[in-house]
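A.B. asks: Chains A and B supply the protein sequences, listed in that same order.
Residue numbers are given in numbering that gives the first Met the number 0: position 186 of the first sequence equals residue 185, and the series is strictly consecutive.
Residue numbers are given in numbering that gives the first Met the number 0: position 167 of the second sequence equals residue 166, and the series is strictly consecutive.
There are 2 protein chains.
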Amino acid sequence: MARWEPGTAERLQRAALELFTTRGFERTTATEIAESVGLTERTFFRHYSDKREVLFHGQDELVRTFLAGVDEAPPDASPIEVVAAALGSASSVFTDERRPHSRTRQAVIDENPALQERERHKLASIATAVTGALRARGVDELAATLAAETGVTVFAIAFTRWIREDEQRSLADIAADVLHELLTLTAAAQDSGRLPR
Amino acid sequence: MARWEPGTAERLQRAALELFTTRGFERTTATEIAESVGLTERTFFRHYSDKREVLFHGQDELVRTFLAGVDEAPPDASPIEVVAAALGSASSVFTDERRPHSRTRQAVIDENPALQERERHKLASIATAVTGALRARGVDELAATLAAETGVTVFAIAFTRWIREDEQRSLADIAADVLHELLTLTAAAQDSGRLPR
DNA sequence: CGCCTCGATGTCAGTCGCTGTCATCCCTAC
DNA sequence: GTAGGGATGACAGCGACTGACATCGAGGCG
Chain A
0 MARWEPGTAE RLQRAALELF TTRGFERTTA TEIAESVGLT ERTFFRHYSD KREVLFHGQD
60 ELVRTFLAGV DEAPPDASPI EVVAAALGSA SSVFTDERRP HSRTRQAVID ENPALQERER
120 HKLASIATAV TGALRARGVD ELAATLAAET GVTVFAIAFT RWIREDEQRS LADIAADVLH
180 ELLTLTAAAQ DSGRLPR
Chain B
0 MARWEPGTAE RLQRAALELF TTRGFERTTA TEIAESVGLT ERTFFRHYSD KREVLFHGQD
60 ELVRTFLAGV DEAPPDASPI EVVAAALGSA SSVFTDERRP HSRTRQAVID ENPALQERER
120 HKLASIATAV TGALRARGVD ELAATLAAET GVTVFAIAFT RWIREDEQRS LADIAADVLH
180 ELLTLTAAAQ DSGRLPR
């Protein structure tokens with residue numbers, strides 16, 4: 000038997016989400032979160048580098064899922080195809096059971112600009128990771144950056160739609176649709192021949 | 000004759016960039032910035048809502064330039080074509096004379112994660128504005144979001160290339176190239192027929 | 001000319017996020 | 001049983017940011 004309850008970080012995370020939901024992010028202090036699970040503020044900051052970070056626990060796992068998807072793509076796949084594979088892999092993490100939790104969490108984020116900022120930052124770090132993975136496959140820098148960044152954009156848009164109350168499809172399906180829509184849009188521009196250069 | 004020197008916000012901005020460059024962002028306090036131009040910390044925060052914001056003064060102008068570009072696009076332009084127009088318009092703001100300043104400013108941002116976060120947030124707000132402008136033109140939500148977000152991605156990538164020491168072309172030229180590369184990438188994926196769905 | 005309002009700044013106290021440091025204490029290994 | 005180590009507590013302190021109130025010169029108005 001340990002001196003303290005195990006899973007400290009997880010308990011803090013649950014307590015934080017609960018408090019953020021009821022009182023709002025800004026009107027909840029780190030001390031309140033910590034004491035609501037019988038710990039001190041200092042301990043909170045030992046587990047999370049800052050107050051916002053408590054809502055983004057497990058982000059590493061998402062990054063790894065993206066990278067796993069990249070690895071699974073066939074060697075001759077084009078950058079966008081690789082990104083599509085990563086999208087499929089990442090989407091599979093978000094099962095139907097996770098939707099309610101994702102929803103409440105997202106509601107908190109949508110209420111606070113500082114949290115949105117952090118969310119964008121996390122998405123950007125995913126893009127950076129995917130860019131690196133593409134580069135490791137021999138894709139040149141421009142193509143790698145574009146494909147990765149585009150993939151993350153598609154993921155973010157698909158995720159927003161997946162969260163919606165009326166949406167019943169899987170995230171993977173939605174992401175595939177969004178990607179398809181992007182290809183349609185770019186193809187239309189390509190064909191018009193009215194772009195500069 | 001005014002009671003105080005005019006252009007307080009601009010003086011603060013210049014002083015901040017100077018101090019950030021020499022001492023670094025985190026090791027510069029808001030009080031130091033303010034006092035270096037004969038003001039108090041309180042006044043600093045009256046002009047800038049937070050310490051990071053001082054580096055993003057004039058962002059509104061950039062947003063307006065994007066939107067002006069959207070307005071200039073012909074009525075029958077496709078979403079990507081509209082975005083290309085916005086890209087051209089926004090790029091024209093960054094003349095050759097502004098490059099040295101952009102470089103030192105970017106160097107500061109690249110050194111600090113909190114500033115990168117804010118930068119991403121600003122880019123996201125541009126995307127949101129462009130999305131709104133596209134929607135006002137009758138573009139449906141998905142296409143508008145995708146086109147706007149993609150456009151901002153292209154802009155960001157082009158901008159980092161424009162900043163590079165060895166790069167001599169105009170930002171508009173680079174942006175057009177980057178957009179072209181994106182169209183090439185998506186076309187390749189489209190043609191392969193190997194995407195899910 | 002004198003008064004009054006207004007806007008930008010100063011002053012001050014206070015909260016909160018976050019950090020460094022040191023002490024505490026159970027659990028484990030030897 | 002003793003020595004370490006890992007997680008926590010206690011405490012002091014800095015800096016970002018805010019609210020409330022005071023100050024004071026500029027310009028309008030009688």
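Heads up, the beta-carbon is just placed ideally off N, CA and C, and yes, glycines get one too.
Remember, predicted model here, so these are calculated numbers, not experimental data.
#1: Could you tell me which chain B residues have their CB closer than 8 Å to the CB of E180/A, listed as they occur along the chain?
#2: Can you pull the chain B neighbours of R119/A, defined as C-beta to C-beta under 9 Å?
#3: Checking 8 Å against the spacing of the C-beta atoms, do A200/B and E148/A come in under that value?
#4: Where in the stretch 124-185 of chain A do unbroken runs of the alpha helix (DSSP H), each at least 4 residues long, occur, reported from the N-terminal end onward?
#5: Report yes if the CB atom of A85/B is closer than 8 Å to the CB atom of V69/B, and no otherwise.
#6: Looking at chain B, is there any beta carbon in it that lies within less than 8 Å of the beta carbon of I79/A?
#7: So what does DSSP say about P78/B, is it helix, strand or coil?
#8: Below 7 Å between beta carbons is the criterion; list the residues of the stretch 34-64 of chain B that meet it against any residue of chain A, in chain order.
#9: Whole angstroms is fine: what's the gap from T159/B's alpha carbon to T144/A's?
#10: Counting C-beta neighbours from all protein chains within 10 Å, is the total for R119/A 16 or more, i.e. buried, or is it exposed?
#11: So, is the C-beta of A187/B closer than 8 Å to a C-beta in chain A?
#12: Quick check on DSSP: helix, strand or coil for S90/A?
#13: Which residue from L54/B, N111/B, D165/B puts its Cα closest to that of T25/B?
#14: Which value, in whole angstroms, describes the spacing of the CA atoms of A8/A and L18/A?
#15: Counting pairs of Cβ atoms below 8 Å between the stretch 60-67 of chain A and the stretch 120-129 of chain A, do you hit three or more?
#16: Where A113/B and E116/A are concerned, what is the direct C-alpha to C-alpha distance, given to the nearest angstrom?
#17: Kindly provide the ranges of any alpha helix (DSSP H) runs that are 4 or more residues long and lie completely inside the stretch 6-55 of chain B, ordered along the chain.
#18: In angstroms with no decimal places, state the Cα-to-Cα distance between G37/B and L66/B.
#19: DSSP on A106/A, reduced to helix/strand/coil?
#20: With distances taken between CB atoms, is the gap from L182/B to P78/A smaller than 8 Å?
C.D. replies: Per the coordinate set shown:
#1: Close partners of E180/A in chain B (Cβ separation under 8 Å): L141, A142, L145.
#2: E116, R119, H120, L122, A123
#3: Here chain B comprises residues numbered 0 to 196, so residue 200/B is not present and cannot be evaluated.
#4: You should have 140-162.
#5: yes
#6: yes
#7: helix
#8: none
#9: 12 Å
#10: buried
#11: yes
#12: helix
#13: Reading the sequence as shown, one finds Glu at residue 25/B and not Thr. Among L54/B, N111/B, D165/B, the Cα nearest to that of E25/B is on N111/B.
#14: 15 Å
#15: yes
#16: 10 Å
#17: 7-22, 29-35, 40-46
#18: 37 Å
#19: helix
#20: no
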